[in-house]
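One structure is given below, encoded as structure tokens.
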Amino acid sequence: MKQITFEDIYTLGKIVAENAQYRHYHYPKMLTRYSSNFIEFKTLPSLTEFKEAEDYLREYHLKKGQKHVKFYFPENIKTTGELIVYLTHMGYEIGFLELYAIQPKHFPPVKNNPDIDIQVVTDKNLEVLLNLQYQDDLNYGSEYAKQKVDLIKRQFENQNIQQVLAFYKGSPAGYVDVIISSETAEIDNLTVNELFRNKGIGSRLQKIVMELFPEKIVILVADGEDTPREMYKKQNYQYHGIKYEAQKIYQD
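Quick note on the numbering used here: the sequence shown kicks off at 112 and runs consecutively.
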């Protein structure tokens, strides 16, 4: 298996500014999508350097009507104590992401359950996907949910993105996006409705990815503080790195 890094992960957003220290990503079609509007540091900043980048991003976002700032730090490098103290004092949410990869042939067998039906998204069932995700995305606000509908439609037209739906006893129950590159197939947005969890739907959605792209390396990013990361380890995914992040949402 090739060496997988966070550089292999797809970023929805364009670089609008770049220097020796960081890249600034921006996605004007979804200003409330924090993971598309952020600064990614190439090198670990000093506290002074971070404050300068913070001021720049805050001012940029204010002009766009955005109420957040988000930063990713270089992969596999832990932030300094001084910076952690500052981030904590300033009310940032601090977390980390973990990168995993697997060769499809190593994914464990999945028991067949006739109650679960997996379908690739087409014109015939696209509306089902739109409705299901819209209800899920209302947790992040109606404006976000509406913008996400437009994003899903754009992704449906993108030949490098495969959308998949899961049904349980005929009811829409989950979905996943697969972002396809020359060497990898990235599992993204893997979601199972809370009413249908613990029924094997998540495993079936992953299994179909393995079957659709047997010659590619399947990759994904897991929230370092979420329980699914333990599931990935049991499913034979290999750990490939960590990236720390910090985010702050302003109330005014």
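Every residue gets a Cβ at the ideal spot worked out from N, C-alpha and C, and that includes glycine.
Within the same chain, Q273, A296 and V320 come within 6 angstroms of V289 by CB-CB distance, once the 5 residues on both sides are set aside. In the displayed model, Q214 falls within coil according to three-state DSSP, outside both helix and strand.
For a cut-off of 8 angstroms, the C-beta gap from H179 to Q358 is around 7 angstroms, short enough to register as a contact. For A131, there is no enclosing beta strand (DSSP E), since its DSSP letter is neither H nor E. A straight-line Cα-Cα distance of about 8 angstroms links Q317 and I298.
The C-beta of P156 has 16 or more other C-beta atoms within 10 Å across all chains shown, which makes the residue buried. Boundaries of the beta strand (DSSP E) around Y355: Q349 to I360. Spatial neighbours of I312 in its own chain (CB-CB distance under 7 angstroms, excluding positions within 5 residues in sequence) are listed in chain order as I227, A277, Y279, A284, G285 and V303.
Residues Q230 and L276 of the same chain have their beta carbon placed closer than 8 angstroms to that of N236, with the five preceding and five following residues left out of the count. Residue nearest to E326 within the set K216, Y355 and K310 is K216 (criterion: CA-CA distance).
Where D247 is concerned, the enclosing alpha helix (DSSP H) starts and stops at L237 to D248. Between the stretch 190–208 and the stretch 248–262, the count of Cβ pairs shorter than 8 angstroms is below three; the stretches do not touch. Within the same chain, Cβ atoms closer than 8 angstroms to the Cβ of A164 are found at Q132, Y133, I150, F152, P156 and F182, the five residues on either side in sequence being excluded.
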